[in-house]
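Quick mapping for you: the protein sequence lines, in order, are chains A and B. Following the numbering used here, the residues of the first sequence are numbered contiguously, the last one being 267. Following the numbering used here, the residues of the second sequence are numbered contiguously, the last one being 371. For each residue, glycine too, the CB sits at the ideal point set by N, CA and C.
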Amino acid sequence: MAIVYEFVWQVLHVLLHIHRTLITWFRIRLRNWNGRLWSRALTALIVPMALSFPNQKNIVPAPGKRVDRRYRWGADGKSLEKLPDHIGLLIAEEEPRYTDIANLVVWCMAVGISYVSVYDNYGVFRRDNSRLMDEILKQQQELLDLEGSKQLCVEFLNNGTDKQDQQVLSCQSVLKVLSPDDGKLRIVQAAQQLCRAVEQRDKTSKDINVTVLDSLLRESKSTPDPDLVLKFGPVESTLGFLPWHIRLTEFISLPSHVGVSYEDLFSALQRYASCEQRLGK
Amino acid sequence: MAEWSKIPPNVFSEKGSVPLSLQVEVLKGVSEFFNMSWIREGELNLIEKLSANILKAGPMPKHVAFIMDGNRRYARKRHVERQEGHTQGFDKLAETLRWCLNLSIHEVTVYAFSIENFKRSKDEVDGLMELAKQKFIRLLQEQENLEKHGVCIRVLGDLTLLPLDLQQHIARAVVATRTHNKCFLNVCFAYTSRHEIANAVREMAWGVEQGLIKSSDVSEALLGHCLYSSNSPNPDLLIRTSGEVRLSDFLLWQTSHSCLVFQSVLWPEYSFWNLCDAILQYQLNHRPLQKARDQHREEQALQQHEADRACVADLLQHHGNGKPLDAQRRQEALLNYTASREERVQDFLGALQHKRDSFLTDLTSQAALA
């Protein structure tokens, strides 16, 4: 009898996997189809412009269009009831696509989100952060026609210091690149610090409470906890993302970061805007 | 289950202004509520049994955590009193525990009362405390039932924040079921995850103060052992109902690699099929989560090894005679250090468990004297 149940279970899971694969395939097809329609429409619009710029072969919109998009995205952000102060992008997929992640970061900043964190549970972004930064600067230029640090500015924060606090104030948006070491390991390091203080009789155990621990775990005094985490990938877990900071964080799952569009991001932000937090009351 | 009950305030404060018929209705409902059993008797029907057996052919979660959200919304939807919503919610908990036992899930953790809920009005909080007291009294009356099913009740949270009489009832329930080991129900009461983590750090600092451990012994594993949930494995699956997609300060440390399932059904409407759906999600995520957990464990072991090595190097520098030791001596020193650290940690954890047990037994003896 057990063999029968096992067989049925196997069949069930095969069906579920097929179902999932079909949905992913269908979604990609739909996007490509839509994308082709959109790019055809765009071509129709800019053909007159292309005639006066004979060198322009690809479908990159003219600079005027980029500025329009920047303002449109900013307006979109303002139109929402609430916008997260701090958004986390949790990439729960095996192979990160830097261009797509850079797009997400740039869109988040364009929409008006002050703090953007990027996380993967292998710590790849942390180790390879220069590649990510280059990609982001490139996409900033590509999507928004901004060079260097004109309006949007990307600060790479690793460990908060007072000096960086001042730098942060001059930037419109801040990017943080996180790894699992910023989660439990940071909490353990803070605990070690407090225990050392107790060992050296600078503190007693009774002095330790949530506030004390929280101030040690805050990157800088101004960095808020993530309000929203967008999780990309099929794995339904936080995978070690900042356990201390996510007590009130909303989690919205998106199937994949590969080929993600601005519309995907914006609909997630709209969903966040409609969430109600009662905070225990 | 952040919103438990909003009892009409006039029941407790302005007795004279409430019509007698309403008082009787409320008291009837309340006593029905109090007589509710914590464990529903019953077996699954044929289709449910078949489905359960099919699911059990795959990996099953051993520990499931529930955030039972949606009682008040359910009451609004059904146009009944909020009280009724909470009654049904508790009823549903009893039913869900029964389903978990049928599915061979032997450990369940539920979020009953958050420290944030103290922010509610005094009347409401007092009402909730009274309700909880009655529930725990009822629990003690079901001793035989609990013994029959081998149910061990644990209450996780800062009990010192609760009224003394409630603390005593909780202590009695926990001590009475301490030796049971067939299934485990962990009730988070006066709990938030941040308080739990801060408390664990405080306990480790206490250990340092008592000279039981050194600050260099502090590690992720040790912190985990100092949490209120130290006697339980981490939850494999966390389910939150009513469509909210946040953790609300619940088991943040323990669920870092758990399968999170957010379901839109309101808690009082939870069905066996909702539970099966959640378990199916767990099974689909099982392999990648296992991989992530194993990877994390490996990294943890590596970090511990590095930390031990650093400590040994430090010790040798301070106590050595300046001559560099050969590799074999260094390896020996490392093994000795690791063994002595582990022994220190075990002694400390023993002392911590003893401290916690004494706290509960003191409460029960106070209750007995009262």
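Nearest to L234(A) by C-alpha distance, out of Y(-9)(A), D211(A), S159(A) and G109(A), is D211(A).
Comparing alpha-carbon positions, the option among T190(A), R117(A), S100(A) and E185(A) lying closest to L214(A) turns out to be S100(A). In this structure, the CA atom of L56(B) is about 16 Å from the CA atom of H107(B).
As the crow flies, the alpha-carbon of S359(B) is around 20 Å from that of C189(B).
As a beta-bridge residue in DSSP terms, I238(A) pairs with L216(A). Looking from the CA of L255(A), the closest CA among K124(A), G219(A), M95(A) and R117(A) belongs to M95(A). G219(A) is not a Cβ neighbour of G169(A), given a cutoff of 8 Å.
Under the Cβ criterion (8 Å, minimum of three pairs), the stretch 59 to 74 of chain A counts as touching the stretch 246 to 261 of chain A. Contact between the stretch 209 to 226 of chain B and the stretch 174 to 184 of chain B is absent, with fewer than three C-beta pairs closer than 8 Å.
DSSP places G74(A) in the strand class (E or B) of the three-state scheme.
Think of a sphere of 7 Å around the beta carbon of M61(B): no beta carbon from chain A falls inside it, the nearest being about 11 Å out. It is roughly 50 Å from the alpha-carbon of R330(B) to the alpha-carbon of I87(A). What M130(B) touches in chain A, judged by beta-carbon distance under 8 Å, is nothing: the nearest beta carbon there is about 15 Å away. C-alpha of E80(A) to C-alpha of V246(A): approximately 16 Å in a straight line.
Two segments are said to touch when three or more pairs of C-beta atoms, one from each, lie closer than 8 Å; by this definition the stretch 277 to 295 of chain B does not touch the stretch 177 to 192 of chain A. The DSSP-derived three-state label of S65(A) is helix. Nearest to W93(A) by alpha-carbon distance, out of N115(A), I122(A), A(-12)(A) and D114(A), is I122(A).
Close to W207(B), with beta-carbon spacing below 7 Å, are these residues of chain A in chain order: S191. Looking at the DSSP output, L186(B) sits in a beta bridge with V109(B) and I154(B). As the crow flies, the alpha-carbon of N118(B) is around 13 Å from that of G158(B).
DSSP places R241(B) inside the beta strand (DSSP E), whose first and last residues are L238 to R241. Between Y(-9)(A) and N54(B), the C-beta gap is smaller than 8 Å, which places the two residues in contact. Nearest neighbour of R195(B) by Cα position, chosen from T190(A), K207(A), T224(A) and H231(A), turns out to be H231(A). In the three-state reduction of the DSSP assignment, D106(A) falls in the strand class, which pools E and B.
Burial check for S116(A): the Cβ neighbour count within 10 Å stays below 16, so the residue is exposed. Between the stretch 333 to 340 of chain B and the stretch 296 to 314 of chain B there are three or more C-beta pairs closer than 8 Å, enough to call the two in contact. With a threshold of 8 Å between beta carbons, L255(A) makes no contact with chain B.
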